[in-house]
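> First the structure, which I've put down as structure tokens, then a few questions once you've had a look.
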Amino acid sequence: MSIEAPSTFKHTTISEGIRSVCSENPSKVAYKHGQKTRTYRELSTRMNSIASLIGSFEIPQDSNIAIVASNSIEYMEIVLAAAQLGHPIATVNPKLTAIEIVSICKDAESKLIFADERVCSLLEENPIQCAQAIICIDELEEIDRAGQSLNLPTIHESKTFTIPYTSGTTGKPKGVLVPHRSRSLTLYGMAEEYGCFSSDDRFLSIAPMCHGAGMIFSLAPIFFGGYAELMDSFDPELVMKTLEEGEITGFFGVPTHFYGMLDVDRSTLEACPGSSLKTIISNASALPQSLKEKIVGHFGEGLLYECYGSTEGGIISNLRPDDQLRKKQCVGEPFPYTEIKLLNDDGEECAADEVGEVFTASPYIFNGYWRKEKETDAAFDGKWLTVGDLAKKDADGFLYIVDRKKDMIISGGINIYPREIEEVLLEHPEINEVAVIGHPDDKWGEIIKAFIVYEGQGILSVDDVQEFCKDKIASIKMPKIIEKIEALPRNANGKILKRELRGREA
């Protein structure tokens, strides 16, 4: 039996939340990027102006658009403008090659594409037939201020907010349908868990907005009326100085960021202890225990949180500051309003310290993959979601990620899938077979290693392989180590046994 919503019901959407907070303290600065700032009043006006621009193209209701750019205030204005019109927006990594960018924009069936100047130049030579227009973000600064009285539609909270792209087991990028409700409720959970998203807080956003974490940690400060300073590239010395001089109370980083920050010269370290910090958050790949100790040693105790999650599942667990040094290589306890269970190969719940597949249930979960019904069905078991990670729980219920069921590699906090790289390498005439794995690396977490079976007796150098891959895959996906192998280990069904290849790394 269906139940009608009461007349007071209001959908929980990102755009409604931002519009509400813009009216509370309109003269306050919401965003800063370099020398540019935006007050809440200006942010609201710009959201409407860009929404008016999008509306002028008369693209069909609910149709997708895309953005391909580095971090900027305009980036967030475009995302919020699209959101309040009900257009899902694919957030594409601008560091991908032209071929990769075009492929994703076509897959998303993007009717409009917002891009920075570099990407616009790339796309001029690589047209995207589904797009009505490519709009250069650099030309939006002086956009007409009309549209402040837009008649905005009601956006259902279950509708898609953003479509970040992540690779699947086939190596082909998949669009992750992230609903408004999921991310709105995630913001409330973050505010409760991390304590650095009040209207008085000042957050530093350094992660790329095209990724789920970069997006959510750039939204959270302004969703609650605070302040966020944005950076479009990572300069460790500038980050350290900004933390200190900008009186920053919270920031998010991946292990690669922390390595760079703690490797600046001693005088900068001594001058920049992060005096105003209340919260440091890490995610995307595991923090080595030795790095945790360095972070705590420099910034002090009671600040560091490490969370585990996925684009599909949002934040799943969180390790709080008091547990950082006593629960080693741990990702903590369930995030608020989240259930976690581990199942063994027989589908039974695991006992303490038994490794099993991670299943999670929460209001933060995605709606499915864009145009990929089979992959969507494989991710869900009723209310439970799995992305194939393997973990164990200790007797206290704390979670430890052990391995990835899928062969994903995480380098510098970025998800990389071997199959995509393997397919490019197999185009080389001297390569007969190839298997790509992650090789442990202190700075990056993992770097790319390729085991190659050659045609004949040939051999390629790392430089040879990287030159061949140039313009075919992004630089972060380039193999950094090459090992010649006579034959790839396989099981009886012919599947490559990557676990054996990883065993050679031990």
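In the numbering used here, the protein residues as written are 821 to 1326.
Note that beta-carbon positions come from the ideal geometry of N, C-alpha and C, so glycine has one too.
For T990, which of helix, strand or coil comes out of DSSP?
Any reading at T990 needs caution, since the residue's pLDDT is 43, under 50, leaving its predicted position unreliable; the model's value is listed next. Three-state DSSP puts T990 in coil, outside helix and strand.
> With a threshold of 8 Å, are at least 3 pairs of Cβ atoms found where one atom belongs to the region 1053 to 1066 and the other to the region 914 to 922?
Counting Cβ pairs under 8 Å, fewer than three are found: no touch.
> Could you tell me which of R861, Q855, K856, L905 sits nearest to S876, measuring between CA atoms?
Taking only the C-alpha atoms, the option nearest S876 is L905.
> Alpha carbon to alpha carbon, how far is Y1189 from V996? Give it in angstroms, no decimals.
Going by the C-alpha atoms only, they are around 5 Å apart.
> Apart from the five residues on each side of it in sequence, which residues of its chain come closer than 7 Å, Cβ to Cβ, to C940?
Same-chain partners within the cutoff: I954, C956.
> Considering only their Cβ atoms, is the gap separating L1163 from K1114 smaller than 7 Å?
Their beta carbons are not under 7 Å apart, which means K1114 does not touch L1163 by this criterion.
> Quick check: what's the CA-CA separation for R1322 versus P880?
Each residue's alpha carbon lies about 49 Å from the other.
> Tell me where the beta strand (DSSP E) around S1130 begins and ends.
First-last of the beta strand (DSSP E) with S1130: 1124 to 1130.
> Does the region 1250 to 1267 come close enough to the region 1059 to 1069 to have 3 or more Cβ pairs within less than 8 Å?
Verdict: no, contact absent.
> By DSSP, does V1151 sit in helix, in strand, or in coil?
Coil at V1151, not helix or strand.
> If distances are taken between C-alpha atoms only, which option among K1213, L1124, N868 comes closest to G1073?
Measuring from the Cα of G1073, the nearest candidate turns out to be L1124.
> Which runs of the beta strand (DSSP E) at least 3 residues long sit entirely within the region 897 to 965? Give them in chain order.
DSSP runs (the beta strand (DSSP E)) wholly in the region 897 to 965: 909 to 912, 932 to 935, 953 to 956.
> Does the count of Cβ pairs from the region 1019 to 1036 and the region 999 to 1010 closer than 8 Å reach three?
Yes, they touch.
> Pick from F1119, S1110, A935, H1077: whose alpha carbon is nearest that of C1092?
Closest by alpha carbon: F1119.
> Using the Cα positions of S1281 and G1233, report the straight-line distance between them to the nearest angstrom.
The straight-line gap from Cα to Cα measures roughly 27 Å.
> How would you write the range of the beta strand (DSSP E) that Y1274 sits in, first residue to last?
Segment 1265 to 1274, the beta strand (DSSP E) holding Y1274.
> Could one say the Cβ of S827 lies closer than 7 Å to chain D's Cβ atoms, at least one of them?
Annotation note: the requested chain D is absent from the structure, which comprises a single protein chain.
> For a test of the three-state rule: what should DSSP assign to F1071, helix, strand or coil?
In the structure shown, F1071 sits in a strand (DSSP, three-state: E or B).
> Taking D882 as the reference, which of Q1109, G1122, T982 has the closest Cα?
Ranking the options by Cα distance to D882, first place goes to T982.
> Check whether the region 1202 to 1222 touches the region 1243 to 1254, counting contact only when three or more Cβ pairs, one atom from each stretch, lie closer than 8 Å.
As far as the Cβ criterion goes, the region 1202 to 1222 does not touch the region 1243 to 1254, which means the pair count is below three.
> Quick check: the region 1064 to 1078 against the region 1016 to 1024, are at least 3 beta-carbon pairs closer than 8 Å?
Yes: the two stretches touch, three or more of their Cβ pairs being nearer than 8 Å.
> Helix, strand or coil: which one does DSSP assign to S1137?
Note: S1137 maps to strand in three-state DSSP.
> Whole angstroms is fine: what's the gap from K1318's alpha carbon to I1302's?
Whole-angstrom Cα-Cα distance: 15 Å.
> Look at V1207 and S1130 and say whether their C-beta atoms are less than 7 Å apart.
Closer than 7 Å, so yes.
> Out of I909, A1294, Y1047, S1096, which one is the CA nearest neighbour of R858?
The option with the nearest alpha carbon to R858 is Y1047.
> What would DSSP say about H853, mapped onto helix, strand or coil?
Of the three classes helix, strand and coil, the one that applies to H853 here is strand, per DSSP.
> Among the residues of its own chain, which have a CB less than 6 Å from the CB of W1204, if the five just before and after it don't count?
Answer for W1204: F1179, A1181, listed in chain order.
> Alpha carbons only, please: which of L1139, I1268, K1300 is nearest the one belonging to K1148?
When only C-alpha atoms are compared, the closest one is L1139.
> Measure from the alpha carbon of Q952 to the alpha carbon of each residue in E897, I921, I874, then state which is nearest.
Minimum Cα distance to Q952 is reached at I874.
> Which residues mark the beginning and the end of the beta strand (DSSP E) in which S1095 is found?
Counting along the chain, S1095 falls outside any beta strand (DSSP E), and DSSP gives it neither H nor E.
> Please determine, among E1306, I1305, D1291, P1309, the residue with the shortest C-alpha to C-alpha distance to V922.
Among E1306, I1305, D1291, P1309, the Cα nearest to that of V922 belongs to D1291.
> Report the rounded CA-to-CA distance for E962 versus R866, giving the unit in angstroms.
Each residue's alpha carbon lies about 10 Å from the other.
> With the cut-off set at 7 Å, would you say Y851 and I893 are in Cβ contact?
Yes, Cβ-Cβ distance for Y851 and I893 is below 7 Å.
> Note the first and the last residue of the continuous beta strand (DSSP E) segment covering V1178.
Its beta strand (DSSP E) spans residues 1176 to 1181.
> A903 to E1159, Cα distance in whole Å?
If you take the alpha carbons of A903 and E1159, they lie about 29 Å apart.
> Could you tell me which residues DSSP puts in a beta bridge with H1259?
Paired residue(s): I1267.
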